[in-house]
Structures are given as C-alpha cells and as structure tokens.
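Per my numbering, the sequence shown starts with residue 4, numbered consecutively.
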Amino acid sequence: AGLEQRLKKHRAALATPIRSVGRLELIDHDSMDWCGTGWRIEDDLIVTNRHVASLFAERQGSLFRFRLNQAGKQVRTRVDFREEYRQPESDEHVIARVLWIAPDVSEAPDMAILQVV
C-alpha cells in the first residue's frame with residue numbers, strides 16, 4: 004500500500020500526537036517570523052531543538068534569556084498548535100521562559116526546553 008493509505012490506517016492514533024506539535028513563531032526578530040517546531044511534553048513544557056532555541060535565546064550565566072534584536076528590543080516567542088499552510092486557525096501560547104538549552108557539544112542532545120503560559 005502507498006504511504007497515504009498507510010497513514011489513513013493510523014489517522015486516529017496520530018490525531019493526539021499531531022495536536023501536541025506546534026510552530027514556534029517569533030515577534031520582533033530582525034529577519035524571521037517563525038523558526039521551527041516544538042512539541043508539548045507537559046501542559047506547560049515544550050521541547051524543541053537547541054539550534055532552533057538558539058535563534059531567540061541564549062545562556063546568561065546559569066540562566067537563559069531571550070535575545071535582543073538590532074534595535075535592542077527583546078525577541079518574543081510563542082507556539083501555535085493549529086496554524087498550518089493555508090489554514091488561518093490558530094492556538095497560540097506565549098513562551099514565558101527558556102528553562103534549558105543543551106550545550107553545543109557533540110555529546111549533548113540538540114534539545115531545549117521552553118515553558119509556556
């Protein structure tokens with residue numbers, strides 16, 4: 004069977020996991036409106052890739068902070084669990100904090116954890 008038929012068989016099983024994946028959107032970034040995807044692992048926690056989170060956040064001492072754009076304004080981020088290509092619906096949640104970004108070394112996972120409100 005073709006891929007489309009195989010996916011149809013699993014449509015019900017895929018519905019819940021698909022709703023937990025969202026697009027990470029950027030506000031006040033100098034050149035990007037969105038930067039990747041994240042997926043919900045708890046009601047208030049999102050996991051994304053380190054290389055994605057590094058576009059809007061950085062380590063500052065033992066904490067993480069949102070980057071500043073060229074005008075000195077903080078880049079803000081939200082996750083949208085509904086918006087897709089040619090679909091105007093949205094389900095947006097503000098990324099309140101960056102809890103962790105893995106170090107950029109080969110043995111560390113390409114992962115970051117974000118807190119949503």
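For glycine and all other residues, C-beta sits at the position ideal for the given N, C-alpha and C.
Quantities reported herein were computed from a predicted structural model and do not represent experimental measurements.
For residue i, which three-state DSSP category applies?
{"i": "Ala15", "result": "helix"}
Which residues in the same chain as residue i place their Cβ atom closer than 7 Å to its Cβ, once the five residues preceding and following it in sequence are excluded?
{"i": "Gly25", "result": "Thr40, Gly41, Val82, Asp83, Phe84"}
{"i": "Arg14", "result": "none"}
{"i": "Ile116", "result": "Leu48, Val50, Leu102, Trp103"}
{"i": "Val119", "result": "Asp47, Ile49, Val82, His96, Val97, Ile98, Ala99"}
{"i": "Glu87", "result": "none"}
{"i": "Glu92", "result": "Arg85, Glu86"}
{"i": "Arg22", "result": "Phe84"}
Measure how close the beta-carbons of residue i and residue j come, nearest whole angstrom, since I'm counting them as under 8 Å.
{"i": "Ile104", "j": "Ser57", "result": "7 Å"}
{"i": "Val78", "j": "Phe67", "result": "Val78 to Phe67, Cβ: 13 Å. No contact."}
Might you give, ordered along the chain, the residues of its own chain that have their beta carbon closer than 6 Å to the beta carbon of residue i, omitting 5 neighbours on each side?
{"i": "Val55", "result": "Cys38, Gly39"}
{"i": "Gln73", "result": "Asp33"}
Enumerate in chain order the residues of its own chain whose CB-to-CB distance from residue i is below 8 Å, with the five nearest sequence positions on each side excluded.
{"i": "Asp36", "result": "Glu28, Leu29"}
{"i": "Asn52", "result": "Gly39, Asp113, Met114, Ala115"}
{"i": "Lys76", "result": "Asp31"}
- Query: Residue ranges of each beta strand (DSSP E) run of no fewer than 3 residues wholly in the segment 19-55, ordered along the chain?
  - Reply: Uninterrupted beta strand (DSSP E) stretches at least 3 residues long and entirely within the segment 19-55 occur at 24-30, 37-45, 48-51, given in chain order.
- Please specify which runs of the beta strand (DSSP E), each continuous and at least 3 residues long, are wholly inside the segment 61-117, giving them in chain order. 66-69, 79-83, 95-104
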